[in-house]
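Residue numbers (our numbering): 9 to 120.
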């Protein structure tokens, strides 16, 4: 397992808003995923999926359960991983499709 300082994990405010709107049963599954993600976003059990229709090639989907997916910024370079959104599969895909995300190099703030 990589050392904690080899990567940084952030949670986008909108992720928390989306999380609050999903059913409680899925919230429990998302909580379990978030714990694993925060421990080590490079864990091989986190199956990052690239989606060719996404504008941003660094956005990935991650399965939470059969119906729900999280959207994650997984950098090609750098060590900042960001949980961006969670929703029912189709809604999560729609949310991410036209988004472009970057981390400001000086402030470290998320630019969406």
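Yeah, the Cβ is synthetic: ideal placement off N, Cα and C, and Gly gets one too.
Identity of the residues DSSP links to residue i by a beta bridge
| i | result |
| --- | --- |
| residue 78 | 70 and 94 |
| residue 17 | 89 |
| residue 119 | 110 |
Which listed residue (the options) has its alpha carbon closest to that of residue i
| i | options | result |
| --- | --- | --- |
| residue 102 | 53, 77 and 55 | 77 |
| residue 68 | 75, 82 and 118 | 82 |
| residue 95 | 117, 119, 16 and 34 | 34 |
| residue 17 | 37, 30, 43 and 38 | 43 |
| residue 49 | 29, 104 and 15 | 15 |
| residue 39 | 23, 51 and 52 | 23 |
| residue 85 | 29, 111 and 25 | 111 |
| residue 142 | 100, 113 and 108 | No answer is possible for residue 142: the residues shown for the chain start at 9 and end at 120. |
Exposure label - residue i; buried when at least 16 CB within 10 Å
| i | result |
| --- | --- |
| residue 90 | buried |
| residue 63 | exposed |
Residue i and residue j closer than 9 Å at C-beta
| i | j | result |
| --- | --- | --- |
| residue 41 | residue 70 | yes |
| residue 20 | residue 92 | yes |
| residue 45 | residue 54 | yes |
- Query: Which ranges does the beta strand (DSSP E) cover as unbroken runs of at least 3 residues, wholly within the segment 21–73, from first to last along the chain?
  - Reply: 67–71
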